[in-house]
Amino acid sequence: MSDTNENAPDSSFILPPLAVGAVVGATLLVTLAGTDYLAAADWGWLTMAVTRAATVFFFIDLLLRAREAKNNDQKGMKGVTAYLKTGLAWIDVLAAVTVPIMELLGATSNIPDIFALLCILKLVRYSMGLALLGRVLGNAADSLLSVLLSFAIILITSGTLMHLIEGPGQPAQFGSTPLAMWWAIVTLTTTGYGDVTPLSFPGRVLAGITMVCGIGTFALLAGILASGFADELKRREFLHNWDLVAKVPFFSKIGPGVIAEVARLLRRNEFSKGQTIIQKGTPGESMYFIVSGEVKVRTPSGSVRLRNNQFFGEMALITGAPRSVTVVASKPCVLLELDVADFRHIAASRPELMKMIEEEAARRAT
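The sequence shown begins at 0 in numbering that gives the first Met the number 0 and counts up by one.
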């Protein structure tokens, strides 16, 4: 049975859970300190103390990130420069220097509000959802721009037509195209804000058409984003599966094309604590990759625990012999299963893969 090493944690930075907790806690405290009750209790000193402590925290975090960038792959100051060119680096810099600069300039009255905003921006670094959204927006940029262009065309057209139709009768509301465009944008985005409404029959017909166009535009926008999220999640899942397969020693000898084919065959399975995954003596029909959780491998010499990014049961692919050990889920776990039949189907069309399996089986038999 093979083993793989865990990914080493990034110990150079303050742990993300601690950072998130500190940022959220400081934001809540500073925000609450601005309420009437706490303001009347004169808790301003506490607000400033928390703000300054968090600023020191942010400054240390900035220095640690700069040091990590400098030491990354021996890049030196080039790594620091590359780090400072990223958007997240600017958030780190602003969070570290804004409050001290405001205090030096004497603009202390707005510090709590500015600090709360900076705290929220710092959370962007630890939000996987926002990072995912950014990639989706980048991938779907062309489609999104097309939708926005369509929205702009509908907005200008409906605003101009409504000005021509309702302008003479309601000059205060539709007397100019910009005024009519206010009606158009609230109608497109909210199907009617209610403060400005057309009175004539042609105006109401145009309003109905505008509402339908608005609903259609935002439905199209939602569809593009939903499809983009689904594609990105599939891409990430595939890359994760590819990485798991590539860590298997005998898979590392084959090309990326075969690894990609194998990664697409993996099926997700969940096991509860204490559930038997493999029973000794049963036919070997699958190998497994651990996504999360922990399993216990019971061998004649003792028990071995396997965790995230490790694998077991690969002898089923190589020799097809019955299971030689029992594997039990010691914690709730999520596994990816590679069926022997699916793998053999790929191997049949890949002579080099079949040869590699035979060589590996012969090596293990000796």
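Think of the CB as a built atom: it goes at the ideal place given N, C-alpha and C, for glycine as much as any other residue.
Quick caveat: nothing in here was measured; it's all calculated off a predicted structure.
Close Cβ partners of S157 (< 6 Å) along its chain, the five nearest in sequence each way excluded: Along the sequence shown, one-based indexing puts residue 157 at 158. Excluding positions up to five away in sequence, the list reads A183, T209.
Whole-angstrom distance between F237 and L132, CA atom to CA atom: Counting from 1 along the sequence shown, the entry for residue 132 is found at position 133. Counting from 1 along the sequence shown, the entry for residue 237 is found at position 238. C-alpha separation (whole angstroms): 18 Å.
Identity of the residue in A262, K295, V257 nearest F270 by Cα: Along the sequence shown, one-based indexing puts residue 270 at 271. Selected option, being the one with the closest Cα: K295.
Rounded straight-line distance, which links the Cα of L93 to that of A52: By 1-based counting over the sequence shown, the position of residue 52 is 53. By 1-based counting over the sequence shown, the position of residue 93 is 94. Straight-line Cα distance between these residues: approximately 15 Å.
Sequence ranges, alpha helix (DSSP H) only - wholly within the stretch 195-281, length at least 4: Those alpha helix (DSSP H) runs which fall completely within the stretch 195-281 and span 4+ residues are 200-245, 255-263.
Integer Cβ distance of V135 from G227, believed to fall under 8 Å: Working through the sequence shown from its first residue, we reach residue 135 at position 136. Working through the sequence shown from its first residue, we reach residue 227 at position 228. About 4 Å separates the two Cβ atoms, so the contact holds.
Helix, strand or coil at A39 [DSSP, three-state]: Sequence index remark: in the sequence shown, residue 39 carries index 40 (1-based). Per-residue confidence for A39 stands at a pLDDT of 43, beneath the threshold of 50, marking its modelled position as unreliable; no derived number is given.
Contacts around G213, its chain only, beta-carbon distance under 6 Å, and the 5 residues preceding and following it disregarded: The sequence position of residue 213 within the sequence shown is 214, counting from 1. Same-chain partners within the cutoff: L187.
Inter-residue spacing [alpha-carbon to alpha-carbon] between A179 and T159: Taking the sequence shown and counting its residues from 1, one reaches residue 179 at position 180. Taking the sequence shown and counting its residues from 1, one reaches residue 159 at position 160. Per the coordinates, the alpha-carbon of A179 lies some 7 Å from the alpha-carbon of T159.
Backbone secondary structure at K121 - three-state DSSP: Here residue 121 refers to the residue found at position 122 of the sequence shown. Secondary structure of K121 (DSSP, three-state): helix.
Environment of G273 [buried if 16+ CB atoms lie within 10 Å]: Residue 273 sits at position 274 when you count from the first residue of the sequence shown. Exposed.
As assigned by DSSP and simplified to three states, the class of M353: Taking the first residue of the sequence shown as position 1, residue 353 is located at position 354. Here M353 carries a helix assignment [DSSP, helix/strand/coil].
T298 in three-state terms, based on DSSP: The residue you call residue 298 lines up with position 299 of the sequence shown. T298 sits in a strand when the DSSP states are folded into three classes.
Own chain residues within Cβ distance below 8 Å of I345, not counting five before or after: Locating residue 345 in the sequence shown gives position 346, where the first residue counts as 1. Same-chain partners within the cutoff: V257, E260, V261, L264, L352.
Per-residue burial, G50 [other beta carbons within 10 Å of its own, 16 or more giving buried]: Position 51 of the sequence shown holds residue 50. In the sequence on display, residue 50 carries Thr and not Gly. Buried, by the Cβ-count rule.
Same chain only: Cβ atoms within 8 Å of A347, ignoring 5 sequence neighbours per side: Counting from 1 along the sequence shown, the entry for residue 347 is found at position 348. M353, listed in sequence order.
DSSP beta-bridge partners of E336: Along the sequence shown, read from residue 1 onward, the residue named residue 336 stands at position 337. Bridge partners of E336: R266, Y287.
Three-pair Cβ contact test at 8 Å for the stretch 140-153 versus the stretch 161-177: The stretch 140-153 and the stretch 161-177 do not touch, with fewer than 3 CB-CB distances between them shorter than 8 Å.
Among R343, Y287, L144, A320, nearest to V326 - alpha-carbon criterion: Position 327 of the sequence shown, counted from the first residue, corresponds to residue 326. Taking V326 as reference, the option from R343, Y287, L144, A320 with the minimal CA-CA separation is Y287.
Cβ-Cβ distance between V339 and L316 below 8 Å: Here residue 339 refers to the residue found at position 340 of the sequence shown. Here residue 316 refers to the residue found at position 317 of the sequence shown. Going by beta carbons, V339 and L316 fall inside the 8 Å limit.
Assigned secondary structure, R66 (DSSP; H/G/I helix, E/B strand, else coil): On the sequence shown, position 67 is the one that residue 66 refers to. Assigned with DSSP and collapsed to three states, R66 falls in helix.
Nearest-angstrom Cα separation, counted from G105 out to L62: Indexing the sequence shown from 1 puts residue 62 at position 63. Indexing the sequence shown from 1 puts residue 105 at position 106. Their Cα atoms are separated by approximately 26 Å.
Residues that DSSP places opposite F311 in a beta bridge: Within the sequence shown, numbered from 1, the residue matching residue 311 stands at position 312. F311 is bridged to Y287.
Whole-angstrom C-beta distance between A68 and V79, which should lie under 8 Å: To locate residue 79, count along the sequence shown from 1; it is residue 80. To locate residue 68, count along the sequence shown from 1; it is residue 69. With a beta-carbon spacing of about 5 Å, V79 and A68 fall inside the 8 Å limit used to define contacts.
Reference K121, options L144, V98, G137, A88, closest by Cα: Stepping through the sequence shown from its first residue, residue 121 is reached at position 122. Comparing C-alpha distances from K121 to each of L144, V98, G137, A88 shows the shortest one belongs to A88.
Identity of the residue in W181, T281, V333 nearest L154 by Cα: Counting from one through the sequence shown, the residue named residue 154 turns up at place 155. Here the closest residue by C-alpha is W181.
Extent of the continuous beta strand (DSSP E) to which T366 belongs: Since the first residue of the chain shown is 0 and the last is 365, residue 366 is not available in this structure.
Assigned secondary structure, R306 (DSSP; H/G/I helix, E/B strand, else coil): Within the sequence shown, the letter at position 307 stands for residue 306. Three-state result, R306: coil.
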